[in-house]
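**Student:** The structure under discussion is supplied below as structure tokens; questions concerning it will follow.
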Amino acid sequence: MSDLVDEPTEILRLDEAPGGDAPPEVVGFLVSRGPKAGSRYRLDPGVTSLGRHPESTIFFDDITVSRRHAEANFDGSRVVVRDVGSLNGSYVNQRPLEEPVELAEGDVLQIGKFKLVFFHGEG
3 MSDLVDEPTE ILRLDEAPGG DAPPEVVGFL VSRGPKAGSR YRLDPGVTSL GRHPESTIFF
63 DDITVSRRHA EANFDGSRVV VRDVGSLNGS YVNQRPLEEP VELAEGDVLQ IGKFKLVFFH
123 GEG
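Heads up: the sequence shown begins at 3 in the numbering used here, then just goes up one per residue.
Written as structure tokens, this is what we have:
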């Protein structure tokens with residue numbers, strides 16, 4: 003006979019664990035339009051390059067996207083995007099991205115024919 007007792011196991015969410023920290027914030031883009039619709043890209047702190055160059059952090063293999071199109075800089079608390087000299091331009095909420103812009107939840111970044119919805123929340 004086994005000494006083990008079959009007792010229910012209590013499962014705690016990370017944010018409920020005693021002494022635990024809140025879940026980490028998840029920041030990124032959801033592609034809402036374009037060949038990669040439905041794809042999600044998580045942003046890590048630092049600069050994320052978006053473009054058609056094969057070494058871009060977020061790579062879009064499409065002629066409407068410049069090789070080096072845009073950058074998103076995540077400093078741990080906010081994300082600022084800027085166009086880096088693309089031919090077709092970058093847009094935030096349908097306005098030309100003429101200078102760096104801080105993104106807010108739900109903002110739409112458009113590069114070429116791709117629309118990326120910015121999100122942030124708990125992981």
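A virtual CB, placed ideally from N, CA and C, is assigned to each residue, including glycine.
Closest by CA to Ser51, which one among Gly87, Ile65, His122 and Glu107?
**Tutor:** Numbered from 1 along the sequence shown, position 49 holds the residue referred to as residue 51. The candidate whose alpha carbon is nearest that of Ser51 is Gly87.
**Student:** Tell me where the beta strand (DSSP E) around Thr50 begins and ends.
**Tutor:** Against the sequence shown, residue 50 aligns to sequence position 48. Taken as a continuous stretch (DSSP letters only), the beta strand (DSSP E) holding Thr50 covers Gly48 to Gly53.
**Student:** Please classify Leu89 as buried or exposed, where buried requires at least 16 other C-beta atoms within 10 Å of its C-beta.
**Tutor:** Residue mapping note: residue 89 aligns to position 87 of the sequence shown, counting from 1. By the 10 Å Cβ count, Leu89 comes out exposed.
**Student:** Out of curiosity, what's the CA-to-CA distance linking Pro37 and Phe61?
**Tutor:** To locate residue 37, count along the sequence shown from 1; it is residue 35. To locate residue 61, count along the sequence shown from 1; it is residue 59. Cα-Cα distance, rounded: 12 Å.
**Student:** Are there 16 or more other CB atoms within 10 angstroms of the CB of Val67, so buried, or fewer, so exposed?
**Tutor:** As a first step, residue 67 is located in the sequence shown; it is residue number 65 there, counting from the start. Buried.
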